[in-house]
Structures are given as structure tokens and as C-alpha cells.
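*Asks:* 27 is the number of the first residue of the sequence shown in the working numbering; add one for each residue after it.
Think of the CB as a built atom: it goes at the ideal place given N, C-alpha and C, for glycine as much as any other residue.
This is the structure I want to talk about, given as C-alpha cells.
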Amino acid sequence: LCRSIKLSCELYPSREIVLCLDPYNGLGLVLWCIISIYAGHHSILIDPVEVESNPSVWMNTISQFKIRDTFCSYSVMELSTKGLSTSIVDLKNRGLSLSCVRTCAVVAEERPRLQLLNSFIKLFQTLGLNPRTVSTTFGCRVNIAICLRGASDPDPASVYVDQRALRNDRVTLVEKGSPHSLCLLESGKLLPGVKVVIANPESKGQCADAHLGELWVQSGHNSLGCQIVSYGDNHQQHHGSNHNSDQFYSHLATGDTRQLYARTGYLGFVRRTESIAADGKNHDAVYIVGSLEETLLIRGMRFHPIDIENTVMRTHKRICECACFTWTNLLVVVVEYDGLEQHSLDLVPLITSAILEEHYVIVGVLVIVDPGVVPVNSRGEKQRMHLRDGFVSDQLDPIFVAYNM
27 LCRSIKLSCE LYPSREIVLC LDPYNGLGLV LWCIISIYAG HHSILIDPVE VESNPSVWMN
87 TISQFKIRDT FCSYSVMELS TKGLSTSIVD LKNRGLSLSC VRTCAVVAEE RPRLQLLNSF
147 IKLFQTLGLN PRTVSTTFGC RVNIAICLRG ASDPDPASVY VDQRALRNDR VTLVEKGSPH
207 SLCLLESGKL LPGVKVVIAN PESKGQCADA HLGELWVQSG HNSLGCQIVS YGDNHQQHHG
267 SNHNSDQFYS HLATGDTRQL YARTGYLGFV RRTESIAADG KNHDAVYIVG SLEETLLIRG
327 MRFHPIDIEN TVMRTHKRIC ECACFTWTNL LVVVVEYDGL EQHSLDLVPL ITSAILEEHY
387 VIVGVLVIVD PGVVPVNSRG EKQRMHLRDG FVSDQLDPIF VAYNM
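Now the structure itself:
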């Protein structure tokens, strides 16, 4: 793993990198604690909590030490974008410059947040940030580093797909601006030694190019298993990795059935681009659509929560966050609203009509809550299953609930 990251990011003893992400698990833990020992470079560590109190600390550090490579999380990127949106002119007058940056990678386990990335680039371009330096990584429990773009790799590619075809697990490329088009950004270049295939999650057969499927990965740094510790009745229960061996050791039902793969649990597809990688070969772009566990199966079609949530976010300026999930075959939408409570009822027709118009889905339950109710992890990713548990156990303390619409 360390060798792959070193080769991709060109990390050498003379280099300095800035890390502004949580070090508790996944790629963040490797970047904080292990990779600098292997590669010999210097790492400047910034606790993301510091960015909450001082939004400019990350940017000031990059500018002061002329840092070329930096890694962050979406939560840090969002804090910097919101906290410094009115201070760009002042920072520029103080001599802060980001022209030295050649790689700014967001460590994530989800589909790239295109809107946030574009807002970040647009804001900090004034300080010399080159748009091509900003990219994303992708990893998950079975392999914490599948995709990571280095400075010498081709620019991140984007495609537009038909959302209606995506609901039926088909990938249809369309032109920008086409009706029902959805823009997807690639999640980075495959690390050296990493091989992926797209498989049908039910039949385990290899998918054709036009089909959406589960990303299966083969690599020397795949996880060997996981250990789950559950607490109950004042004692711990340890479950070994055998209970989910199918996730870590799977064979394709069709195609090359001899190879061993790990199942990521994420839906996506691979497209060969016209870009030439550093090794002289055509670049294969990996596109992540969403988590298989969190997909919404409604009327035999597969919807991805982030698409419905983006629709909801556009309906009213006072909506600060949103999350959705299914409950007893009904679509449940939880909306954080920071306006006056007596106006919360006005959101109901706006949200239900927007979802019906764009996705042809009827909202079963609409829950309006105070800001901060939707749980997020340390990387800024929504915890929809935890939210669902809170809804089922009636722990959300809502402002207003509308049923059976």
C-alpha cells in the first residue's frame, strides 16, 4: 500500500505534505502514521478541529511552507469554503498564495461531491489555486486506497449519464445539458497493482460496459477481513472475519472465475478515456455512483439518495441539510430547516412536487427537523442508516411531520 501511494504521489525524502483529515481509520490513518516512515518525507499534521476555530490555518500552512501536496476531507473543504468566502481579498492582500499546490486530494468513501469541489475551486482560484490540482480519492473497508490521482496523471475526467437509465442499472452517456443528465466525476486513477471489475451484485457475473454494477477489487493491499466488536449485557462479543468471507474473497460467476476479488459494496462503472497516463497507456477512469447498501429500491427501480437530496436542497434557501431513506417501502425525507417554525409547512409542497417532477417518486414521509439532526461522520459523510434508526425509534424531535403524501 505504501509503495503504491509513494509511486502515485511521487513522495520522496525531500518532500513536505500537509494532512488535514482525521487519523482514526482508513487512508487517513495510513497517511498520518505510516506512509511518511516508508517514503521518508515530512508530514505537517493539522487537526480538522483547528479548522473549525480558525478556517484559514490550512491555507496559511500551505502558503507559508510552499507545500506541493496536501490531503483533506470533505468536511475540511466545506469549512474552508464557508469560513473564508468573505475573507479572500484580505488573504490575498496578506500575500497568501496557493500557486505552489500541485495536488489537493480529498480522501473519501463516496461519490465525488461535484458542487462542493467546484465551489472550492472557484473561491480559491483567486489565490492562485490551479483547478487541475483538485481531485478525489476512493477507498472503502475492503481496500482503503483504490483510486488516487498523482500530479503527473491526466486531469480528472467527467461524464454525463442519463438518470432514467441509471435507475435500471444501465449506463447511458449523454451530452451536457441533455434532459435528465447527471454529471459524474471520476474518483481518481487506479493505484499501481490495483485491478477492478464491475460485477452484478446479485448474479456475481461480470457486467457489460453499458451496465451499472458493483466494484470488485483485486490488490496486494486488500483487507483480509474485519473484526466486529458488539457490546451487550456487560460483556464483549468478538466476531471473526468468517461471517463475511464472501465480501473479502469472491469469485466471478462468469468471465475469469479463477481470480479472487473483494467486494467494495459500491456501485459504479469504468470508462477508458482518450487521456494518456504516465506509462503511455490509455487512462481507465473509475466512476462511483453510490453505496449499494444505501440505494433506494422503489417500484423495482434503484434510486441513489444523493440525487434526491440534491433536488431537495435546491427547493428552498433555508434548507441547510437533507437525507433520505426507505421505511416499509415508503420514501422518507428528513430536512434540516433553519427558518421560522411557522413557515416550515411551506416546504411540503415545494419538496414533494420537486421530487415527483425530477424523479417520479412520491414522498411517503417528510420530516422537518432543526439543524444538526442529520448525523455525519468525521469525513463529513451522512450516516443515513443511523438517521433511519432514530426515525424508527422516534428520537428525531421533529418540527413537523407529514405522512402518506
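Would you check if the distance between the CB atom of L47 and the CB atom of S99 is smaller than 8 Å?
*Replies:* Cβ atoms of L47 and S99: closer than 8 Å.
*Asks:* Who does F97 pair with in a DSSP beta bridge?
*Replies:* F97 is bridged to L45, A131.
*Asks:* Comparing C-alpha positions only, which one of E407, G390, G239 sits nearest to L429?
*Replies:* Inspection of the sequence shows that residue 429 is occupied by Tyr rather than by Leu. Comparing Cα positions, the closest option is G390.
*Asks:* Helix, strand or coil: how does DSSP classify C166 here?
*Replies:* Here C166 sits in coil by DSSP.
*Asks:* Can you list, in chain order, the residues of its chain whose CB lies under 7 Å from that of D364, leaving out five sequence neighbours each side?
*Replies:* Hits under 7 Å: R344, C346, P397.
*Asks:* Quick one: is V75 buried, meaning 16 or more other Cβ sit within 10 Å of its Cβ, or exposed?
*Replies:* The residue in question, V75, is exposed, as its Cβ has fewer than 16 Cβ neighbours within 10 Å.
*Asks:* Is the beta carbon of Y287 closer than 8 Å to that of V315?
*Replies:* For V315 and Y287, no; Cβs fall outside 8 Å.
*Asks:* Check each candidate in D179, T87, L174 and name the one with the smallest Cα separation from S213.
*Replies:* Per the Cα distances, L174.
*Asks:* Within the same chain, show all residues whose beta-carbon is closer than 6 Å to that of R297, passing over the 5 residues directly before and after it, in chain order.
*Replies:* Around R297: A311.
*Asks:* How would you label N268, buried or exposed, when you count the other beta carbons within 10 angstroms and need 16 or more for buried?
*Replies:* Note that N268 has pLDDT 49, beneath the 50 cutoff, so the model's placement of it is unreliable and the number below is only indicative. Exposed, by the Cβ-count rule.
*Asks:* In angstroms, rounded to a whole number, what distance separates the CA positions of T162 and L37?
*Replies:* Distance between the alpha carbons of T162 and L37: 18 Å.
*Asks:* If you drop the 5 nearest sequence neighbours on each side, which residues of the same chain put their C-beta closer than 8 Å to that of S317?
*Replies:* E136, G291, Y292, L293.
*Asks:* Keeping to the same chain, check which residues put their C-beta closer than 8 Å to that of G109; ignore five residues upstream and five downstream.
*Replies:* Hits under 8 Å: V77, P81, S82.
*Asks:* By DSSP's criteria, T352 is part of a beta bridge. Which residues make up the other side?
*Replies:* L357, per the DSSP bridge assignment.
*Asks:* Give me the residue from I61, Q232, L413 with the minimum Cα distance to N403.
*Replies:* The residue with the shortest Cα to Cα distance from N403 is L413.
*Asks:* What did DSSP end up calling Y429 once you bin it into helix, strand or coil?
*Replies:* Y429 falls in the strand class under three-state DSSP.
*Asks:* Give the single residue among L356, V361, T321 whose Cα lies nearest to the Cα of T337.
*Replies:* When only C-alpha atoms are compared, the closest one is V361.
*Asks:* Excluding sequence positions up to five away, which residues of its chain have a Cβ less than 7 Å from the Cβ of E42?
*Replies:* If we look at E42 and ignore the five residues flanking it on each side, its Cβ neighbours are H67, H68, I70, F91, I93.
*Asks:* Label A234 either buried or exposed according to how many other C-beta atoms from any shown protein chain fall within 10 Å of its C-beta, with 16 as the threshold for buried.
*Replies:* It counts as exposed.
*Asks:* When you compare only the Cα positions, how much space is there between F334 and E228?
*Replies:* The sequence given here places Ile at residue 334; Phe does not occur at that position. If you take the alpha carbons of I334 and E228, they lie about 24 Å apart.
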